[in-house]
Structure formats: structure tokens, C-alpha cells
Amino acid sequence: MRIHKSLLMLAFLLPLIASAAEIPDNLEPLPEPPPPPAGMEGEAPEPEVTITKKGEDTIEEYRINGELYMMKVTPRVGAPYYLTKDDANAGWARSEGDVAAPMSIPKWVLFRF
0 MRIHKSLLML AFLLPLIASA AEIPDNLEPL PEPPPPPAGM EGEAPEPEVT
50 ITKKGEDTIE EYRINGELYM MKVTPRVGAP YYLTKDDANA GWARSEGDVA
100 APMSIPKWVL FRF
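Below is the structure:
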């Protein structure tokens, strides 16, 4: 019975909500966006992809401006995975594709000799 009352009340309030959401008459178009900064014209650079075979595994290396930032490893058996640049000290994080978040491994210094 409570559900029926809620649905009946919603049916009466829906036209009121719709009339409150009308578009005002004094709208103005947005101004044009400013041009991009100097040197940024054109599209973003496309990555350079290098495909190598190591045994029966395939490794695709992705570089922009000569810097390696991601690798896709496709093993003969199993699902492909990605290695992405984790930090500036050449640490790498492994992810199992777009669905899973990259695995972050703690890097603590325990001993120094």
C-alpha cells in the first residue's frame, strides 16, 4: 500500500518538476575558446610502437619522443598484460588490461650497505 501511495504522489509531482525545468529565454551562446598556446597546434603525437618476439612471447613497446612509457606483453599461454611506467626511477607497474587497476608494489629501503 505504501508503494502505491508513493507512485501516486510521484505521478502528481512529475508535471510540477517538469515545468520547473523550463529553459529560460535570456540564454546567450558561449564565447569561442581561445587558441592553443604556441607550439601546441595539431594533434597529440602518436606513439611509436616497436613489436619484438622473444621466444613465443610478443612484446609491444610504446614510446613518445623516444621515451618508453608502456609495454604490452602477450605470452603464448595466458592473457596479455601491460607494464606501465610507475615512477621516474624506472619502476614499472603491471596491469591486466583496462579493467584492473595497476598493481602498486611498495618500494621501501630496508637496508643500505
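When the letters of the sequence shown are read in order and numbered with numbering that gives the first Met the number 0, they come out as residues 0 to 112.
By construction, the Cβ of each residue, glycine as well, lies at the ideal position given by its N, Cα and C atoms.
Check the Cα spacing between Arg75 and each of Ile58, Pro46, Leu29: the tightest is with Ile58. Contiguous beta strand (DSSP E) elements confined to the region 67-91 occur at 80-84, taking only those with 3 or more residues.
Collapsing the DSSP output to three states places Arg111 in coil. Take the alpha-carbon of Ile16 and the one of Asn25: they are about 21 Å apart. With a beta-carbon spacing of about 10 Å, Lys84 and Tyr61 fall beyond the 8 Å limit used to define contacts.
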